[in-house]
Amino acid sequence: MAGRFAPSPTSDLHVGNLRTALLAWVFARRSGLGFLVRIEDLDQQRVAAAPEVAARQLQDLAAIGLDWRPPVTRQSQRLEHYRQAIASLETYECFCTRREIAEAAQAPNGATLPQGAYPGTCADLTEDERARRRRDRPGALRVRAGGVSMSVQDRFAGTVTGVVDDFVVARGDGTPAYNLAVVVDDGLQSVSQVVRGDDLLSSSPRQAWLAQQLGFAVPEYVHVGLAVNPARERLAKRDGVVSLADLAAAGHDARQVRGWLLASLGIDPELDNDELLALPERSWTSATRAWVVDPDRW
Ligand code: GLU
Numbered sequence: 002m003a004g005r006f007a008p009s010p011t012s013d014l015h016v017g018n019l020r021t022a023l024l025a026w027v028f029a030r031r032s033g034l035g036f037l038v039r040i041e042d043l044d045q046q047r048v049a050a051a052p053e054v055a056a057r058q059l060q061d062l063a064a065i066g067l068d069w070r071p072p073v074t075r076q077s078q079r080l081e082h083y084r085q086a087i088a089s090l091e092t093y094e095c096f097c098t099r100r101e102i103a104e105a106a107q108a109p110n111g112a113t114l115p116q117g118a119y120p121g122t123c124a125d126l127t128e129d130e131r132a133r134r135r136r137d138r139p140g141a142l143r144v145r146a147g148g149v150s151m152s153v154q155d156r157f158a159g160t161v162t163g164v165v166d167d168f169v170v171a172r173g174d175g176t177p178a179y180n181l182a183v184v185v186d187d188g189l190q191s192v193s194q195v196v197r198g199d200d201l202l203s204s205s206p207r208q209a210w211l212a213q214q215l216g217f218a219v220p221e222y223v224h225v226g227l228a229v230n231p232a233r234e235r236l237a238k239r240d241g242v243v244s245l246a247d248l249a250a251a252g253h254d255a256r257q258v259r260g261w262l263l264a265s266l267g268i269d270p271e272l273d274n275d276e277l278l279a280l281p282e283r284s285w286t287s288a289t290r291a292w293v294v295d296p297d298r299w
């Protein structure tokens, strides 16, 4: 059983990612679990520089005092696992564009779906229609979930219920989708605790449903607050000095940054790892709060 941190190597980790990683490490260790790191590098277009970025991400995690159980896994080396999982699901090809999906707000049975949910447009195409539409563009694969309701338990948010639409499990170019890969990996790696940013809270009912379909235990979810810029938008590289490398160039070392991460959680910035793990559970409740970061004022 394990917890994990699963960065996408699209750019260096920023202080918000590092804070989530620190919390994932703390919660895993507090629960007596192993801690894994998984590089989510399936999006080959966005992760062109992946090897160097991933190596820097690992260095940065170590620099703020985290350790993990080897090996570090890379999704790009696990394609066969995803292929097998997809083959075991009931799926159908979908040729809809994003725009078509946005415009079709109703499910075929007349029910109004939550915003962004797939209305099932391609669910019942005939073989002839599929063959015709494949000539225009390759189809993505969607799993047939049919809009069931699914509830998960989050340590902080409590019971979270969502509608599971027919979501994409493989893109038109054959790349396994994030929701599929994350569930397969968490399942095969016996991940029993998922700590991550609360932007993914609404994805957890889908992922829990998929875990059940694939015969995996549903993990405990622990969604934590994101770092945001002064405009309260999710912190990003374009906000300026936000990665350890940027901060080092501005004269702040990793130890100091670790102290800021702890202070943002209301925790004494001087505590070492053993002291962190000895804190009572209630010390961590502010993990759910967003952290407002102003990179111009470090
Ligand atoms: N790779 C995802 C991200 O960087 C994390 C997914 C997850 O933790 O489930 O946002």
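Going by this note's numbering, the sequence shown opens with residue 2, and the numbers climb by one from there. All residues carry an ideal CB built from backbone N, CA and C; glycine is no exception.
What would DSSP say about residue i, mapped onto helix, strand or coil?
i    : result
I102 : helix
L37  : strand
Q58  : helix
L266 : coil
P177 : strand
A3   : strand
H224 : strand
E234 : coil
W292 : strand
L142 : strand
A249 : helix
T127 : coil
D155 : strand
A88  : helix
Q190 : coil
A171 : strand
R135 : helix
V184 : helix
T122 : coil
T160 : strand
E94  : strand
T74  : strand
G117 : coil
V149 : strand
V242 : coil
How would you label residue i, buried or exposed, when you count the other beta carbons within 10 angstroms and need 16 or more for buried?
i    : result
T162 : exposed
V149 : exposed
R233 : exposed
D166 : buried
R207 : buried
L318 : The structure shown has nothing for residue 318, since the chain only spans 2 to 299.
D199 : buried
D137 : exposed
T21  : buried
A88  : exposed
A146 : buried
P52  : exposed
T160 : exposed
D269 : exposed
R259 : buried
P281 : exposed
Assuming residue i and residue j are in contact, meaning their beta carbons sit under 8 Å apart, how far apart are those beta carbons, in whole angstroms?
i    : j    : result
L142 : V170 : 5 Å
D186 : P139 : Going by Cβ atoms, the distance from D186 to P139 rounds to 25 Å, so no, they are not a contact pair.
W285 : S265 : W285 to S265, Cβ: 12 Å. No contact.
A212 : G188 : 6 Å
R70  : L23  : Contact flag wrong, Cβ pair sits at about 17 Å.
A7   : R39  : 4 Å
S320 : V73  : Missing from the structure shown is residue 320; the chain here goes from 2 to 299 and no further.
R75  : D42  : 6 Å
F168 : Y119 : 7 Å
E101 : T122 : 7 Å
G216 : T289 : The pair is not a contact, with the Cβ atoms about 31 Å apart (cut-off 8 Å).
To the nearest angstrom, how far is the alpha carbon of residue i from that of residue j?
i    : j    : result
A124 : Q194 : 33 Å
D295 : W261 : 12 Å
V153 : G252 : 43 Å
M151 : R298 : 43 Å
R135 : L236 : 39 Å
D44  : S77  : 9 Å
V48  : V196 : 23 Å
L67  : W26  : 7 Å
A86  : D275 : 39 Å
V243 : P231 : 13 Å
R57  : Q116 : 37 Å
G267 : P220 : 27 Å
E130 : S287 : 53 Å
R99  : A105 : 10 Å
V144 : S191 : 23 Å
R239 : F28  : 30 Å
A3   : A132 : 44 Å
H224 : S204 : 11 Å
Contact between the region 174-192 and the region 78-92 is defined here as three or more beta-carbon pairs at a separation below 8 Å; is this criterion met?
yes
Touch test, the region 91-101 against the region 55-65, Cβ-Cβ under 8 Å, three pairs minimum
no
With a threshold of 8 Å, are at least 3 pairs of Cβ atoms found where one atom belongs to the region 10-24 and the other to the region 235-251?
yes
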